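Working notes, structure below.
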Amino acid sequence: MPPKPKLTHPQYQDRAKSMDWRANAIDKDVKAQVFTDSQLETYRVVPDADGRAVYALTEEPIHTGVLTEENEWMYVVDICGNLFVAKRIKNRVYHSALTGGKNPVAAGRIQIDHGRITFLDEESGHYKLKDHVWIVIWEMVVQGFTCPDDPEVVSSPYPVLPEEQRLEYKQAAMQARLAQINKQVNKS
């Protein structure tokens with residue numbers, strides 16, 4: 003089965019954030035990797051038929067294990083809503099690698115248990131994208147990922163989205179999740 007096509011409509015262009023200047027200097031200093039478009043495709047994540055997070059090319063469910071300092075996994079969402087996930091490798095692979103040199107809409111850490119996303123946050127030293135985690139959740143539901151009933155979502159205590167807009171994304175994500183649950187209940 004061919005991989006799901008990459009999303010190409012730049013619906014979040016106005017939400018993209020450029021890299022912090024200090025992080026940019028560190029990347030240049032350590033010669034951190036920035037993936038090409040073809041390399042990025044290896045890290046693009048899509049939902050399978052059961053809603054599990056799988057790599058688009060291999061269709062294998064992702065399992066990160068528990069996040070630790072030595073086992074840190076990260077995600078980036080591009081301006082089209084594509085989700086990319088990779089393991090952080092100190093002085094080599096950072097969030098900036100997963101952007102392909104472009105500005106992301108969201109970035110942070112992620113934990114996935116055999117294809118089920120169980121934790122998201124906005125921890126990124128490269129991008130100061132605060133309060134954008136709700137865009138990620140919205141995209142996951144819209145694209146068909148099965149979101150757990152109780153994911154641990156850590157949003158920044160310093161929101162930059164206006165309160166009304168942040169609540170709008172959060173409400174839309176919750177409504178989409180309720181619709182997903184109702185659909186599952188109606189199948190039974």
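The sequence shown begins at 3 in my numbering and counts up by one. We treat Cβ as the ideally placed atom computed from N, Cα and C, and that holds for glycine. As the structure is a prediction and not an experimental result, all values here were calculated from the model.
For this session: Take residue 53 and list the residues in its own chain whose beta-carbon comes closer than 7 Å to its own, dropping the five residues that flank it on each side.
Result: 146, 147 and 148
Problem set entry | Identity of the residue in 109, 71 and 63 nearest residue 118 by Cα | 63
Problem set entry | DSSP state of residue 89 mapped onto helix, strand, coil | strand
Exercise. Among 7, 125 and 66, which has the Cα closest to the Cα of residue 98?
Worked result: 125
Problem set entry | 8 Å Cβ shell around residue 68 - same chain, five flanking residues per side excluded | 113
Exercise. Is residue 34 buried or exposed, if buried means 16 or more other CB atoms sit within 10 Å of its CB?
Worked result: buried
Exercise. Taking only runs of the beta strand (DSSP E) that begin and end inside the stretch 29-64, which ones reach a length of at least 3 residues, in chain order?
Worked result: 46-49 and 55-57
Exercise. Straight-line CA distance for residue 83 to residue 92?
Worked result: 26 Å
For this session: Determine the direct distance from the alpha carbon of residue 49 to that of residue 160, and round the result to whole angstroms.
Result: Any reading at residue 160 must be qualified, since the residue scores a pLDDT of 38, below 50, and its modelled position is unreliable; the value itself is stated next. Taking the straight line joining both Cα atoms gives about 31 Å.
Problem set entry | Inter-residue CB distance, residue 102 and residue 38 (contact presumed, cutoff 8 Å) | 7 Å
For this session: Determine the burial state of residue 12: buried for a count of at least 16 other Cβ atoms within 10 Å of its Cβ, exposed for fewer.
Result: exposed
Problem set entry | CB-CB length for residue 135 against residue 123, believed under 8 Å | 7 Å
Exercise. Is there at least one non-hydrogen atom of the ligand MG closer than 7 Å to the beta-carbon of residue 68?
Worked result: In the structure shown, the ligand MG is absent, as is every other ligand, since no ligand is present at all.
Problem set entry | Rounded C-alpha distance that separates residue 111 from residue 121 | 8 Å
Exercise. In terms of residue numbering, what span does the alpha helix (DSSP H) encompassing residue 100 cover?
Worked result: 97-100
Problem set entry | Boundaries of the alpha helix (DSSP H) in which residue 107 is found, first to last residue | From DSSP, residue 107 is part of no alpha helix (DSSP H); its letter is neither H nor E.
For this session: Measure the C-alpha to C-alpha separation of residue 128 and residue 66 and round it to an integer number of angstroms.
Result: 21 Å
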